[in-house]
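Here's the structure, in structure tokens; my notes come after.
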Amino acid sequence: MGGRALLLLLLVSALVFQIHASDPLLYEPFDEDFEGRWVVSKKDEYQGVWRHAKSDGHEDYGLLVSEKARKYAIIKELDEPVTLKDGTVVLQFEVRLQNGLECGGAYIKYIRPQDAGWDAKEFDNETPYTIMFGPDKCGSTNKVHFILKHKNPKTGKYVEHHLKFPPSVPYDKLSHVYTAILKPDNEVKILVDGEEKKKANFLSADDFEPALIPSKTIPDPDDKKPEDWDERAKIPDPDAVKPDDWDEDAPMEIVDDEATKPEGWLDDEPEEIDDPEAAKPEDWDDEEDGEWEAPKIDNPKCEEAPGCGEWKRPMKQNPAYKGKWHAPMIDNPNYKGIWKPQEIPNPEYFELDKPDFDPIAAIGIEIWTMQDGILFDNILIADDEKVATSILEKTWKPKYDVEKEKEKAEEEAAAGADGLSEFQKKIFDVLYKIADVPFLAPYKTKIIDVIEKGEKQPNITIGILVSVVVVFVTVLFKILFGGKKPVAPVKPAAEAKKPKATVTDGAGSSGDKDEKEDEKEETAGPRRRTRRET
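What the sequence shown shows, in mature numbering (1 follows the signal peptide of the UniProt record, and there is no 0), is residues -21 to -1, 1 to 513, in sequence order.
Right under this line is the structure:
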């Protein structure tokens, strides 16, 4: 009987331990207003207003960045510090960039214990932290930060160690979950929406910059390069002399005296003529708008002829051209290699088996952002990955699925409205670039006609893509493996074709115009503008 009681006691104890172990160390769902639980910084520079607000399209609440171009700072102190030295620790939170993120941060700082007397109302960018984790995007910066501040035991100074090659921030306006898992074997994993994006080792110099463990030696800062140290591997030959027949003044190109004007050249025809179908708008005011001029179009007579206008002999490469003479380079007999200071023992070097993490005593959000609508939610610290996964599945996943369906419906509606989805527009932009490839010049007009047809009928996008690719591959195959290459119309090399004048450029000559004048110009000619020209 006593054995059964003991077994029952052990089972109950194990169950209680398991329940306790599965509890988050910190969980902030923002179901209730944050006031009284979070402290907003009272520093003058932080003028941004935090709000307890619903996520767009949901009944779920979060902590909202409500104003543009502001600095924000808010902090929540933990009941008990969380140690990072033993076992697994999971840092996880949800962020939705409801208005996108062009320039700003959406990360969390995990604050280490502060000095006695520190007031949470003084929280700012100088407040020491242990880890900074989360999205940051501005200009060329687009990353999910993971920064560890680690104390050097030799110097007592804290050093920021940045994760190398972190994942990028999702570009959409949907809810996303960012997870950092710190393992007892020095491994750290970064997940986005539950999917692993990066794995690293805290003690690896390949994963953190600067490395957590400093190098054993450093360049001697007091070592100086000798004055007679020659780093030039090659030098001009001092014995070389310029040949007597070397003419440095000969031009690179000369007129081709053997060239003859192509038969059928139309000397008296201009390359462009006034559009005969264009008409002066009825509301055009010569005094206000300037003298009206018809837009220009290509002269149709020139399309069938070798060329129009005054013919000039083309230029050709000058066989006598040699350019400026330089003495040839020879091996430098005094070359000693690239000088480097000697290495000395690094006074800051130390050895380490595990990072000496400072505990987490508080979590804070301290950001400067140009966008509003950033919503933080479901901030979690746990010692069990299953707890983090469970909360992700229960809180984030249903919202994300709804947002994704809504995004898909909006894209389909937009495609129905203007004929092209964002994806299709990207495809056509690439096709236009392919049409500009030089060796496709003889086919450019036909290719663009096909592309413009596809823009009018989005349902045949794939067919258009295949057609252009076939043309591209066929021409490339001919060039590489033989076959008759397309011959462009004969034109003198020195005669460059003038760019076409668009309807808006040729409709008037009065300089700057307002919107009303722009409307006049658009009605001045019948030529259709493609999406590429807009």
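Positions of the beta carbon are idealized from the N, C-alpha and C atoms, including for glycine. Computed from a predicted structure; not experimentally measured.
Start and end residues, beta strand (DSSP E) containing residue i
i: residue 58; result: 49 to 61
i: residue 559; result: This structure cannot settle anything about residue 559, because the visible part of the chain is limited to -21 through 513.
i: residue 234; result: 232 to 234
i: residue 196; result: 196 to 198
Bridge partners - residue i, DSSP secondary structure assignment
i: residue 116; result: 83, 121
i: residue 215; result: 308
i: residue 179; result: 167
i: residue 90; result: 108, 341
i: residue 154; result: 75
i: residue 134; result: DSSP, once it has assigned bridges, lists no residue as partnering residue 134.
i: residue 6; result: 359
i: residue 102; result: BP columns for residue 102 are empty, so no partner.
i: residue 159; result: 70, 169
i: residue 188; result: 141
i: residue 412; result: For residue 412, which the question treats as bridged, DSSP gives no partner whatsoever.
i: residue 42; result: 31, 355
i: residue 126; result: 111, 141
i: residue 174; result: 171
Beta carbon of residue i nearer than 8 Å to that of residue j
i: residue 83; j: residue 321; result: no
i: residue 214; j: residue 311; result: yes
i: residue 330; j: residue 192; result: yes
i: residue 357; j: residue 72; result: yes
i: residue 138; j: residue 171; result: no
i: residue 77; j: residue 178; result: no
i: residue 49; j: residue 338; result: no
i: residue 301; j: residue 219; result: no
i: residue 29; j: residue 6; result: no
i: residue 262; j: residue 271; result: no
i: residue 61; j: residue 4; result: yes
i: residue 235; j: residue 295; result: yes
i: residue 317; j: residue 210; result: yes
i: residue 174; j: residue 168; result: no
i: residue 128; j: residue 145; result: no
i: residue 323; j: residue 196; result: yes
i: residue 187; j: residue 345; result: no
i: residue 160; j: residue 364; result: yes
i: residue 70; j: residue 370; result: no
i: residue 348; j: residue 44; result: yes
i: residue 342; j: residue 126; result: no
i: residue 427; j: residue 419; result: no
i: residue 241; j: residue 293; result: no
i: residue 373; j: residue 198; result: no
i: residue 189; j: residue 155; result: no
i: residue 113; j: residue 68; result: no
i: residue 40; j: residue 10; result: yes
i: residue 340; j: residue 63; result: no
i: residue 121; j: residue 333; result: no
Original post:
Can you list, in chain order, the stretches of the beta strand (DSSP E) that have 3 or more residues and sit fully within the region 347 to 401?
Top reply: 353 to 361
**OP:** Answer yes if the region 273 to 290 comes into contact with the region 175 to 188, meaning at least three C-beta pairs across the two stretches below 8 Å, and no otherwise.
**Re:** no
Original post:
Where are the alpha helix (DSSP H) runs, 4 residues long or more, that stay fully inside the region 8 to 40, in chain order?
Top reply: None, since the region 8 to 40 contains no complete alpha helix (DSSP H) of that length.
Original post:
Can you list the alpha helix (DSSP H) stretches of 4 or more residues lying completely in the region 239 to 305, in chain order?
Top reply: 265 to 268, 279 to 283
Original post:
Counting pairs of Cβ atoms below 8 Å between the region 199 to 210 and the region 275 to 285, do you hit three or more?
Top reply: The region 199 to 210 is not in contact with the region 275 to 285.
Original post:
How do the region 50 to 70 and the region 19 to 36 stand: do at least 3 beta-carbon pairs fall below 8 Å, yes or no?
Top reply: yes
**OP:** Determine, using beta-carbon pairs with one atom in the region 374 to 381 and one in the region 414 to 427, whether at least three such pairs fall under 8 Å.
**Re:** Contact check between the region 374 to 381 and the region 414 to 427: fewer than three CB pairs, one atom from each, fall below 8 Å, which does not count as touching.
**OP:** For the region 354 to 369 and the region 35 to 43, state whether three or more C-beta atom pairs, one from each stretch, are separated by less than 8 Å.
**Re:** yes
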